[in-house]
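Numbering (our numbering), first residue to last: 1003 to 1116. Following: one structure in structure tokens, then a few remarks.
Structural data, given as structure tokens:
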């Protein structure tokens, strides 16, 4: 399984971006998928996850600004990011939780300018 993340870029504070993660196979086969991010010189952290049943979970600091969703027909995971802040800057990775192992995408860089 390969995961291809896209949609990152440079945006001003207060702006929005939509990240996409295209899977080479059916995302319905995964127990869950999620977005994680890593800011410069910081550890990778959870952004949001969604289970195969559609249950979502968000980092407390991001609730209300970010929305995760999955499209089984397109085998795509998305992350709608609104009201972006400079502290949202980082590389965003998608992850798929399989029944045997996890899969990671290559990451897409998001830069929020003040």
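Beta carbons: idealized from backbone N, C-alpha and C, even for Gly.
Cutoff 6 Å; reference residue i; Cβ partners in own chain excluding five residues on either side
| i | result |
| --- | --- |
| residue 1069 | 1082 |
| residue 1025 | 1005, 1077 |
Cβ shell of residue i (< 7 Å), same chain only, five flanking positions each side left out
| i | result |
| --- | --- |
| residue 1084 | 1018, 1067 |
| residue 1087 | 1015, 1114 |
| residue 1059 | 1050, 1051 |
Terminal residues of the beta strand (DSSP E) in which residue i lies
| i | result |
| --- | --- |
| residue 1047 | 1047 to 1053 |
| residue 1013 | 1011 to 1014 |
| residue 1028 | From DSSP, residue 1028 is part of no beta strand (DSSP E); its letter is neither H nor E. |
One or two residues paired with residue i in a DSSP bridge
| i | result |
| --- | --- |
| residue 1072 | 1079 |
| residue 1040 | 1093 |
Beta-carbon contacts of residue i that lie in its chain and below 8 Å, excluding the five residues immediately before and after
| i | result |
| --- | --- |
| residue 1062 | none |
| residue 1064 | 1049, 1050 |
Of the listed residues the options, nearest to residue i (C-alpha basis)
| i | options | result |
| --- | --- | --- |
| residue 1071 | 1095, 1064, 1023 | 1023 |
| residue 1037 | 1074, 1004, 1051, 1076 | 1051 |
| residue 1076 | 1048, 1028, 1115, 1021 | 1028 |
| residue 1113 | 1059, 1107, 1004, 1040 | 1040 |
| residue 1008 | 1093, 1115, 1101 | 1093 |
| residue 1100 | 1034, 1013, 1012, 1010 | 1034 |
Margin query: Which runs of the beta strand (DSSP E) at least 3 residues long sit entirely within the stretch 1085 to 1116? Give them in chain order.
Written below: Those beta strand (DSSP E) runs which fall completely within the stretch 1085 to 1116 and span 3+ residues are 1092 to 1099, 1104 to 1106, 1110 to 1115.
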